[in-house]
Amino acid sequence: MSLISNNKVENNKYEMEFEISAEAFEAALQAAYERAKKNISVPGFRKGKAPRKMIEKMYGENAFYEDAVNYAVPQEIQAALDENKLTLVDEPNVDVTAVDKENGVKFKATIITKPEVSISDYLGIEVDKVVNLVTDDDINAQIDRMRERNARLVSIDDRAAEKGDISDIDFEGFVDGEAFEGGKAEGFELELGSGQFIEGFEDQVIGHNAGDEFDVNVTFPEEYHAENLKGKAATFKVKLNALKKKELPELDDDFVKDATEFDSVDALKADLKEKMEAANEKKAEQETETNIFNKLIEKMEADIPSVMFEKRVAEMVQDFRHRIEAQGMDLNLYLKYTGMDLESFKKSFEDRAQQEVKLRLALEKVAELEKIEVTSDEIEAELKAIADLYRMDIKKVKARISPKDIFTDLAVSKAANLVKDSAKIS
């Protein structure tokens, strides 16, 4: 290792200076040549067979410098981290100050590392058991939603529009007297009071009768997705073509037979109660577990670098992007539909990201203190499970995921079970 100075400039931040000897740099240059030669053509030699000196004569003495430095620098940094028992949490900021064959390489690296963690009293955490009861109101609400789905629409001819009605409207929007893109539609069905349109729009439809033509004046919110409309006052020319209302079916045995697999209202309610109780019990277990882990986090002391939170947010955004792309939707389109920009979308993940990072650090420390063991068979089984899940060859999985990472994941999982199993739930 070529570390010549190591200064801890603040918690979890180090400034290191390295010096790679001429001999070590020569070895790195030779290795760079061996990796690259198969792709290099030199007149008079078969491709991949040209001597290094001929290539350097043709392309310059520094032909392999960049590749050699890029190969050697990370190795030197990792050796320094291993010797000092430090773990990198972000890409190091590297400044190469000198490179030549006679004197080797000098470089500086600013490094952000995983924080030191202390934790105590992590076994026997006391929490109250979460209980979520199923009430008659809960069951009736489920049945009402079922009736809503089976409602029929009935025309309204004898009164003005009210909240809850389904309006059929034509509209066109104008800002400063000019029509704007996306502001026009015909035969649009809008449930009044649903909040589907800009605040104030639906309220101004209420009170009108079918056949009325009128103006609706609104102001687009500052966070509106269309940049040209943010905070702008707009006028919509509206025609109310028709009004309808939902007519819910009567809750009786005939409705239940038509809409479900059951023969009576009582049988439907009994089934709903059983399923809702099972769902509530699972939810209560999850909430109790969350409370245990929140208390575990409170018992941890660590000065966590902000970059760890930022990286977790980036991972969560990327995971979300992949999920919606699998459903055929683009993230930008999703943001447009939800009226969010990318920054506010990222911000929505921050609290959960911080909790996940803190919990991971706490559980890693518990695993260390409890000397939790993970066998090679367990690591192999986990790698196989990943290969099966993604339908990949296990050799490719092993090439992408290090056994060390799998070891840590399994140790953390065991630590989580240990903390949960030892908790005192009353």
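With the first letter of the sequence shown counted as 1, position 239 gets the number 382 in our numbering; the numbers rise by one all the way through.
Even glycine gets a Cβ: it sits at the ideal position worked out from N, Cα and C.
Only a predicted model underlies this, so the values are computations on that prediction, with no experimental measurement involved.
Query: Inter-residue Cα distance where the pair is residue 224 and residue 439; Result: 29 Å
Query: Endpoints, beta strand (DSSP E) assigned at residue 159; Result: 156-163
Query: Residue 232 beta carbon less than 9 Å from that of residue 489; Result: no
Query: Beta carbon of residue 395 nearer than 9 Å to that of residue 405; Result: no
Query: Cβ shell of residue 277 (< 7 Å), same chain only, five flanking positions each side left out; Result: 416, 419, 420 and 423
Query: Residues sharing a beta bridge with residue 330, DSSP; Result: BP columns for residue 330 are empty, so no partner.
Query: Residue 189, DSSP secondary structure in three states; Result: coil
Query: Sequence ranges, beta strand (DSSP E) only - wholly within the region 372-412, length at least 3; Result: 376-390
Query: Beta-bridge pairing of residue 360 - partner residues as DSSP gives them; Result: 378
Query: Residue range of the beta strand (DSSP E) that includes residue 252; Result: 247-255
Query: Exposed unless 16 or more other CB atoms sit within 10 angstroms - verdict on residue 316; Result: buried
Query: Residue 256 burial status per 10 Å Cβ neighbour count (16 or more: buried); Result: buried
Query: Cβ neighbours of residue 555 in the same chain (closer than 7 Å, five flanking residues each side left out); Result: 503, 506, 507 and 510
Query: Three-state secondary structure (DSSP) of residue 434; Result: helix
Query: Alpha carbon of residue 431 to alpha carbon of residue 399, nearest angstrom; Result: 36 Å
Query: Residue 522 vs residue 550 beta-carbon contact at 9 Å; Result: yes
Query: Beta carbon of residue 296 nearer than 9 Å to that of residue 382; Result: no
Query: Straight-line Cα distance separating residue 211 from residue 544; Result: 25 Å
Query: Helix, strand or coil at residue 518 according to DSSP, with G and I counted as helix; Result: coil
Query: Residue 351 versus residue 339: straight-line alpha-carbon distance, rounded; Result: 19 Å
Query: Whole-number beta carbon distance between residue 162 and residue 183, since they are thought to touch under 8 Å; Result: Actually they do not touch by this definition, with Cβ atoms about 30 Å apart.
Query: Host alpha helix (DSSP H) of residue 456 (start-end); Result: 449-469
Query: Simplified DSSP assignment, three categories, for residue 523; Result: helix
Query: Three-pair Cβ contact test at 8 Å for the region 199-218 versus the region 168-178; Result: yes
Query: Proximity to residue 222 [Cα-Cα], best of 149, 449 and 327; Result: 149
Query: Whole-angstrom distance between residue 179 and residue 185, CA atom to CA atom; Result: 13 Å
Query: Burial state of residue 501 (16 or more Cβ within 10 Å); Result: buried
Query: Three-state secondary structure (DSSP) of residue 370; Result: helix
Query: CB-CB length for residue 330 against residue 313, believed under 8 Å; Result: 7 Å
Query: 9 Å Cβ cutoff met for residue 485 and residue 525; Result: no
Query: Straight-line Cα distance separating residue 407 from residue 392; Result: 15 Å
Query: Residue 310 beta carbon less than 9 Å from that of residue 342; Result: no
Query: Closer than 9 Å to chain C by CB, residue 453; Result: Here chain C cannot be found, since the structure has a single protein chain.
Query: Beta carbon of residue 537 nearer than 9 Å to that of residue 527; Result: yes
Query: Start-to-end residues for the beta strand (DSSP E) that takes in residue 153; Result: 146-153
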